[in-house]
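Protein chains in written order, with my numbering: chain A, 1 to 154; chain B, 155 to 656. The beta carbon of each residue, even a glycine, is placed where N, CA and C say it ideally should be. This structure is a prediction, so every number in the text was calculated from the model and none was measured. Structure first, then comments.
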């Protein structure tokens, strides 16, 4: 998928497949007889649009012989950073309910700031702690938003 | 409702009392803060503060709540411009150009133009509200489901037609946005659709999560990949708009005021729709359309102007007929009712003091907000100086807060993350983000008005062409589509496409 041509063909194939999946799901939508517009009408129409547009994208990519248009994908180190950040975010979301919003936010901030910057750990911890405390008092205590607080009450 | 200079002057006298002025100032401050903080919009802010205002007499209470509403509209642009977090759909067009300007070191002028345009459009539409409310409200009432459907269809056609080279990708993004928002229950029959048996999907996908994911998280991922040191590679150059910026923007401010105000009269027509329409209209008339999406200051002016003009326009149906044009005004209507006041034609007869004091306070509130916001431009733009390894994780944190606090569901946060990855991929693969956002926001209204129209016409789509207003919008929509296709295949289209992306 380095070139725009390949990217269009690949994303077109993915979209066409998604459209077909959506078509199957759309035709399974139940409905009541006598309606002017069945609940499945619009999803079916849109699924067809996505399927056909996906096919058109494959065709357009296939016709486009210009191999010089490339996609600016990250290098190996960039991919590693992305994957680590994604893993950190997923773990953060998994921990919000069991640990509480402020505690899990502190952990996410501390890890990600350290990982992206390699600042001294003391600075990282202080920065994350101050942010988490401010966020806790501003959003949970002052504005009263009902975030999960976890066993520590944070 | 009859306009009378004596009522208006009396209103100003009331609004300018120290107590009422203090509450307008407090409301403006809280509103700006609410706008800047992701996760708490004007609707929830007014709802939270509503019970607290019961200790006040009705006039200062309503003045304060109205100030929170339009103050939030001013503040909402800040995070969109500075860190690319549009906290609501109406800030998306602002983010598209404002954030690019900020990356070019011109965050200050973008914020300044945003404040000035909000002031100009807010004030102009207040003049409209003051003098033409009854007449215009009657026009708004002529809008039935077919007209709404045609208007939404036109808005979507506009956005897709402006996808330039990526017309096909714009169409795909629109269809995906519509389809994603159809997950959940059918708005009229309650049938479960595209939920794949998942209970969480029954409640549908919230568009705020989609927006936060596509823009904020997607942008953070792009920056993480590149290991950027600061979120803007360029240093902050200017703090305030230059004469050149104002020259490029004044036309946009006036045009967006008109578009925003008139569309704001329509009950249910939210700033999300009007900002996109005003932004696209500006791109069409601009002498430098290639700059749109890459840092056109007039794009920021158009979006912010329309946003504020719509808010003021929305007070016309609220005051004249008791019809709120959006959730925030619906909560404000609740505030009126809490004081035993029923907005509608009788409100002007029975409570002229209150209505005119509130209208007059809005003029003063606009001035307060301009005075508050312009000096803060430098402060907000300085966020650019925070190193990205610190700012990036904080944007993630605020994105989580924003996505979670809409419905207090972790499901919405996961949706934001998924759309963050999708936003990253769409940027890489050249799919425009704006059509998807607008489609996601409009789906429910589009579908409901389509279904209601079909019921009205007994299933005949001709209803969209036999009613004059609907027909005008539909014809305009088809012209937009044809124009987009022409652009795609003509030489000019290729020229435009060279610079066109999200």
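In chain order, what residues of the same chain have a beta carbon less than 7 Å from the beta carbon of residue i, not counting five sequence neighbours either side?
i                      : result
residue 566 of chain B : 360, 363, 557, 558 and 560
residue 372 of chain B : 574, 577, 578 and 581
residue 162 of chain B : 284, 510 and 514
residue 428 of chain B : 413, 414, 417, 418, 460 and 464
residue 501 of chain B : 473, 495 and 509
residue 26 of chain A  : 40, 43, 44 and 47
Show which residues of chain B have a CB atom less than 8 Å away from the CB atom of residue i.
i                      : result
residue 150 of chain A : Ordered by position in chain B, no residue passes the 8 Å Cβ test against residue 150 of chain A, which lies about 13 Å from the chain.
residue 42 of chain A  : 332, 336, 601 and 604
residue 62 of chain A  : Ordered by position in chain B, no residue passes the 8 Å Cβ test against residue 62 of chain A, which lies about 14 Å from the chain.
residue 74 of chain A  : 379 and 380
Are there 16 or more other CB atoms within 10 angstroms of the CB of residue i, so buried, or fewer, so exposed?
i                      : result
residue 654 of chain B : At residue 654 of chain B, the pLDDT of 41 sits below 50, so the modelled position is not reliable; the number obtained from the coordinates is stated separately. Answer is buried; the Cβ neighbour count reaches 16.
residue 275 of chain B : buried
residue 648 of chain B : Because the pLDDT at residue 648 of chain B is just 47, under 50, the model does not fix this residue reliably, and the point stays unresolved.
residue 251 of chain B : buried
residue 409 of chain B : buried
residue 656 of chain B : Confidence in residue 656 of chain B is poor, its pLDDT being 39 and thus under 50, which makes the residue's placement too unreliable to answer from.
residue 174 of chain B : buried
residue 301 of chain B : buried
residue 16 of chain A  : buried
residue 620 of chain B : exposed
residue 100 of chain A : buried
residue 323 of chain B : buried
residue 265 of chain B : buried
residue 147 of chain A : buried
residue 137 of chain A : exposed
residue 643 of chain B : exposed
residue 126 of chain B : In the structure displayed, chain B extends from 155 to 656; residue 126 of chain B sits before or after that span and is not available.
residue 218 of chain B : buried
residue 73 of chain A  : exposed
On the DSSP bridge assignment, give the partners of residue i in chain order.
i                      : result
residue 541 of chain B : B:384
residue 339 of chain B : B:346
residue 3 of chain A   : A:70
Indicate whether residue i and residue j have their beta-carbon atoms separated by less than 8 Å.
i                      : j                      : result
residue 248 of chain B : residue 190 of chain B : no
residue 457 of chain B : residue 426 of chain B : no
residue 440 of chain B : residue 452 of chain B : yes
residue 255 of chain B : residue 459 of chain B : no
residue 454 of chain B : residue 267 of chain B : yes
residue 47 of chain A  : residue 11 of chain A  : no
residue 401 of chain B : residue 36 of chain A  : no
residue 216 of chain B : residue 489 of chain B : yes
residue 434 of chain B : residue 312 of chain B : yes
residue 505 of chain B : residue 495 of chain B : yes
residue 115 of chain A : residue 86 of chain A  : no
residue 335 of chain B : residue 602 of chain B : no
residue 585 of chain B : residue 326 of chain B : yes
residue 618 of chain B : residue 304 of chain B : yes
Sorted by chain position, which residues of the same chain lie with C-beta nearer than 8 Å to residue i's C-beta, five sequence neighbours on each side aside?
i                      : result
residue 209 of chain B : none
residue 92 of chain A  : 104, 105, 107 and 108
residue 69 of chain A  : 3, 4 and 5
residue 8 of chain A   : 57, 58, 60, 61 and 64
residue 13 of chain A  : 54 and 58
To which residues of the same chain is residue i closer than 6 Å at the C-beta, ignoring the five residues directly before and after it?
i                      : result
residue 224 of chain B : 465
residue 246 of chain B : 240 and 591
residue 237 of chain B : 549
residue 638 of chain B : 315 and 321
residue 406 of chain B : 436, 452, 455 and 456
residue 149 of chain A : 100
Kindly list, in the order they appear in chain B, the residues whose Cβ is closer than 9 Å to that of residue i.
i                      : result
residue 147 of chain A : 555, 558, 559 and 562
residue 153 of chain A : Result: empty, since nearest Cβ-Cβ is about 18 Å, beyond 9 Å.
residue 66 of chain A  : Result: empty, since nearest Cβ-Cβ is about 13 Å, beyond 9 Å.
residue 100 of chain A : Result: empty, since nearest Cβ-Cβ is about 13 Å, beyond 9 Å.
Using the beta-carbon of each residue, which ones in chain A are nearer than 7 Å to residue i?
i                      : result
residue 340 of chain B : 39
residue 616 of chain B : Under the 7 Å cutoff, chain A gives no residues; its nearest Cβ is about 13 Å from residue 616 of chain B.
residue 207 of chain B : Near residue 207 of chain B there are no residues of chain A at all, since even the closest Cβ is about 16 Å away, more than 7 Å.
residue 609 of chain B : 36
residue 419 of chain B : None at all; the shortest Cβ gap to chain A is about 28 Å.
Which chain A residues sit within Cβ distance under 8 Å of residue i?
i                      : result
residue 541 of chain B : 117
residue 329 of chain B : 46, 49, 50 and 53
residue 568 of chain B : 93
Could you work out which residues of chain B lie near residue i, taking near to mean beta carbons separated by less than 7 Å?
i                      : result
residue 113 of chain A : 543, 544 and 547
residue 25 of chain A  : 348 and 350
Mind pulling the chain C residues with CB within less than 7 Å of residue i?
i                     : result
residue 17 of chain A : Given the protein chain composition of this structure (A and B), no chain C is represented.
Is residue i near the ligand MN, with its Cβ less than 7 Å from a heavy atom?
i                      : result
residue 151 of chain A : In the structure shown, the ligand MN is absent, as is every other ligand, since no ligand is present at all.
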